[in-house]
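Residue numbers (this note's numbering): 46 to 220.
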Amino acid sequence: MARQRKGILIVYTGDGKGKTTAAFGMAFRALGRGFRVAVIQFIKGKWYTGERHFAKKTPGIDLDVMGKGFTWESKDLNKDKAAAQKAWEKAKTQIQSEDYQIVILDEITYAINYGFINIDDVVSQLKQRPAAVTVVITGRNAPDEIVEIADLESEMTLKKHPYNEGHRALLGIDF
Numbered sequence: 046m047a048r049q050r051k052g053i054l055i056v057y058t059g060d061g062k063g064k065t066t067a068a069f070g071m072a073f074r075a076l077g078r079g080f081r082v083a084v085i086q087f088i089k090g091k092w093y094t095g096e097r098h099f100a101k102k103t104p105g106i107d108l109d110v111m112g113k114g115f116t117w118e119s120k121d122l123n124k125d126k127a128a129a130q131k132a133w134e135k136a137k138t139q140i141q142s143e144d145y146q147i148v149i150l151d152e153i154t155y156a157i158n159y160g161f162i163n164i165d166d167v168v169s170q171l172k173q174r175p176a177a178v179t180v181v182i183t184g185r186n187a188p189d190e191i192v193e194i195a196d197l198e199s200e201m202t203l204k205k206h207p208y209n210e211g212h213r214a215l216l217g218i219d220f
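Shown next, in the form of structure tokens:
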């Protein structure tokens with residue numbers, strides 16, 4: 046890149062919808078500026094989402110869907126744990142590589158809170174990331190240890206959602 050920039054640590058958390066959407070909005074903005082973006086999805090895996098379609102056709106973004114689907118639907122948590130650990134190893138490599146200006150760790154909070162990956166390792170890696178790398182963390186219940194070192198935290202608050210009225214997820218809106 047032509048000029049040096051300082052990266053920051055961003056956390057999108059809370060019970061409301063929009064955490065991943067906010068992260069992808071930032072990715073879209075960064076791509077428009079010629080930045081390279083890496084996305085590692087820690088939980089999503091079963092659905093072929095709109096973001097997967099987008100990333101497949103868009104230069105500059107590498108999206109790795111590494112989860113096995115919603116953990117609460119899992120029949121084998123050992124497979125989920127192994128997938129989360131593999132995703133974390135890939136994330137560490139991408140963060141440290143300096144090939145990407147933005148690295149999005151989508152739904153990593155679940156992997157941490159379920160004990161699939163070690164919080165101390167995550168915090169250590171985030172503190173040691175290259176100065177120009179921005180890391181975006183999404184997911185409910187962001188651990189205090191991560192929020193404490195974050196430069197920006199936004200909490201999405203659920204006020205109303207069609208799902209609560211019995212409506213299914215909508216193509217292009219929810220996935």
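Ideal Cβ placement from N, Cα and C applies to all residues, glycine included.
Using CA atoms only, rank isn't needed, just tell me which of D109, T103 and D219 is closest to Y208.
Along the sequence shown, read from residue 1 onward, the residue named residue 208 stands at position 163. Ranking D109, T103 and D219 by Cα distance to Y208 puts D219 first.
Just how far apart, CA to CA, sit I157 and A132?
Locating residue 157 in the sequence shown gives position 112, counting from the first residue. Locating residue 132 in the sequence shown gives position 87, counting from the first residue. Each residue's alpha carbon lies about 12 Å from the other.
Below 7 Å CB to CB, which residues in the same chain sit around W92 once its five sequence neighbours on both sides are set aside?
In the sequence shown, residue 92 corresponds to position 47, counting from 1. Cβ within range, chain order: F220.
In the DSSP assignment, find the alpha helix (DSSP H) that holds Y155 and state where it starts and stops.
As a position in the sequence shown, residue 155 is number 110, starting the count at 1. Where Y155 is concerned, the enclosing alpha helix (DSSP H) stretches over I153 to N158.
Might you give, ordered along the chain, the residues of its own chain that have their beta carbon closer than 7 Å to the beta carbon of R81, omitting 5 neighbours on each side?
Translated into positions along the sequence shown, residue 81 becomes position 36. The answer, listed in chain order, is G105, D144, Y145 and Q146.
Quick one: what's A100 bridged to in DSSP?
For this step, residue 100 is matched to residue 55 along the sequence shown. In DSSP, A100 forms no bridge with anything.
Measure from the alpha carbon of A214 to the alpha carbon of each residue in G70, F87, G77 and T94, then state which is nearest.
Counting from one through the sequence shown, the residue named residue 214 turns up at place 169. Answer by Cα proximity: T94.
Evaluate the contact criterion for the stretch 49-68 versus the stretch 183-190: three or more CB pairs, one atom per stretch, below 8 Å.
Result yes; three or more Cβ-Cβ pairs closer than 8 Å.
Measure the C-alpha to C-alpha separation of R74 and A127 and round it to an integer number of angstroms.
The sequence position of residue 74 within the sequence shown is 29, counting from 1. The sequence position of residue 127 within the sequence shown is 82, counting from 1. Distance between the alpha carbons of R74 and A127: 32 Å.
Contact check, E152 vs I53 under 8 Å by CB: the rounded distance?
Against the sequence shown, residue 152 aligns to sequence position 107. Against the sequence shown, residue 53 aligns to sequence position 8. About 20 Å separates the two Cβ atoms, so there is no contact after all.
Using a Cβ-Cβ cut-off of 7 Å (strictly less than) and excluding sequence neighbours within five positions of A129, which residues of its own chain qualify?
For the purposes of this step, residue 129 is identified with residue 84 of the sequence shown, where counting begins at 1. F87, A156, F161 and I162.
Using the rule of at least 16 other Cβ atoms within 10 Å of the residue's Cβ for burial, across every protein chain shown, is G112 buried or exposed?
Residue 112 sits at position 67 when you count from the first residue of the sequence shown. Result: buried.
According to the neighbour-count rule (16 or more other Cβ atoms, all chains shown, within 10 Å of its Cβ), is A68 buried or exposed?
Translated into positions along the sequence shown, residue 68 becomes position 23. Burial call: buried.
Rounding to the nearest angstrom, what Cα-Cα distance links K204 and G70 in this structure?
Translated into positions along the sequence shown, residue 204 becomes position 159. Translated into positions along the sequence shown, residue 70 becomes position 25. Looking at the two C-alpha atoms, the distance is approximately 21 Å.
Report the three-state DSSP secondary structure of L283 (helix, strand or coil).
The requested residue 283 does not occur in the structure, where the chain is confined to residues 46 to 220.
Is it buried or exposed for D125, if we count other Cβ within 10 angstroms and need 16 for buried?
The count along the sequence shown starts at 1 and reaches residue 125 at position 80. Buried.
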